[in-house]
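In what follows, a structure is listed as structure tokens, so that the remarks can point back to it.
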Amino acid sequence: MFTRIAATGHFLPAQVVTNDDLAARGLDTSDAWIRQRTGIERRRIAGGGETTASMAAAAGREALARAGLEPGAIDAVIVATTTPDRTFPATAVEVQAALGVPPGPAFDLQAVCSGFVYGLVVADSLIKTGAARRVLLIGADRFSALLDWTDRGTCVLFGDGAGAAVLEASDTPGLLAARLYADGRKTGLLYADGGPGSTGTVGKARMVGPELFREAVSSMAAVGQEVLDAAGAAADWVIPHQANIRIIEAVAQRLGIPMARVVTTVANHGNTSAASIPLALHAAAADGRVQRGQTLLLAAMGAGLTWGAAAVRF
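Heads up, the sequence shown is in this note's numbering, so the first residue is 430 and it goes up one at a time.
In structure tokens, the structure reads:
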């Protein structure tokens, strides 16, 4: 029994915020400064009525349509997110209701930017144990809600959006290998300075950029190679977490993979946290770059620190 990706979907907010827009707001930055350090040119920011749940539902709806499935075919809903609309209940139950998915498991998963890769492993476990035949996995974040818009070190990096995948049981290989890691000793590198159990507030994102950069390159490259070795396969495409173009380039170099075989959306999306990988996967599948039968390497690192990778036969 294998888990394969049947189809993907996406949602991006209508509002586009360019680097020049941020500079015009009085932020001490410029388009050249941001592009040089991150590769980001613009990002989407959620507006009125665009919530984590609504974005996730829209992405999930497209994935179902592309798979040719009705909501009743879905046995479980997993939403990887750092920005639930409410402390409880889970965003996933709101998505379940919005899409008309019948009663079954529906829950959120919190691994920040590594959330989609973590969710892929969890969904694979549900399928392999027989708990579900089809799982709707969504990465969705309204990260703009966590930003301090006076901190140029963080607010220029992130955007909002959602990406989804319908995962289903298959007799042919899909998920070939995966590895997940976390190291809680490094929470101080990227965190929110609030929470319901501490300050009673949402808090704002705080980051130690240079050290986080080094951790991202080393961890994503190492786990990516580990997964490819475990799968006994070479990657036709690398679809990494879209945090920073310099991180992506450094990871590709360490893996010995040319940038022509790396999917990047960071210039237009910024860092969309758990939505990052599924948005990039959808973009490459929709425009025909990613083809059925190809091997994909998905690799991510996020706050926690969490990191992981998966080798997938698409």
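Heads up, the beta-carbon is just placed ideally off N, CA and C, and yes, glycines get one too.
Taking each of Gly685, Met649 and Asn673 in turn and checking the Cα distance to Ala663, the smallest one comes out for Gly685. If you look at Gly489, you'll find it in the alpha helix (DSSP H) that goes Thr481 to Ala496. Going by DSSP, Phe642 is part of the alpha helix (DSSP H) stretching over Gly638 to Ala660.
Here Leu456 has Trp578, Thr579, Arg581, Cys584 and Val585 as same chain residues with Cβ atoms under 8 Å from its own Cβ, once five neighbours each way along the sequence are excluded. Your pair Thr616 and Gly733 checks out as a contact, with CB atoms roughly 7 Å apart and the cut at 8 Å. Shown here, Arg454 sits in coil according to DSSP, grouped into three states, outside any helix or strand.
For the region 654–738, the full-length beta strand (DSSP E) segments reaching 3 residues or more read 666–669 and 724–731 along the chain. Bounds of any beta strand (DSSP E) do not take in Thr467; it lies within the alpha helix (DSSP H) bounded by Asp460 to Thr467. Sequence-distant Cβ neighbours of Gly699 in its own chain, meaning closer than 7 Å and more than five residues away, are Ile469, Arg472, Leu586, Phe587 and Gly588.
Cβ neighbours of Asp612 within its own chain (closer than 6 Å, five residues either side excluded): Leu734. Here Ile474 carries a coil assignment [DSSP, helix/strand/coil]. CA-to-CA, the gap between Thr437 and Ala704 works out to about 12 Å.
Assigned with DSSP and collapsed to three states, Val522 falls in helix. Beta-bridge partners assigned by DSSP to Leu566: Ile507 and Ala594. If you draw a straight line from the Cα of Arg675 to the Cα of Arg466, it comes to about 7 Å. Nearest Cα to Ala681 within the set Ala651, Ser483, Asp716 and Pro442: Ala651. Separation of the CB atoms of Ala552 and Ala569 is rounded to 15 Å, and the pair is thereby denied contact status at 8 Å. By the neighbour-count criterion, in which a residue is buried when 16 or more other Cβ atoms sit within 10 angstroms of its Cβ, Gly653 is buried. Per the C-alpha coordinates, the member of Gln671, Ala535 and Pro687 positioned closest to Ala505 is Ala535. Checking the DSSP bridge columns, you'll see Thr447 partnered with Arg471.
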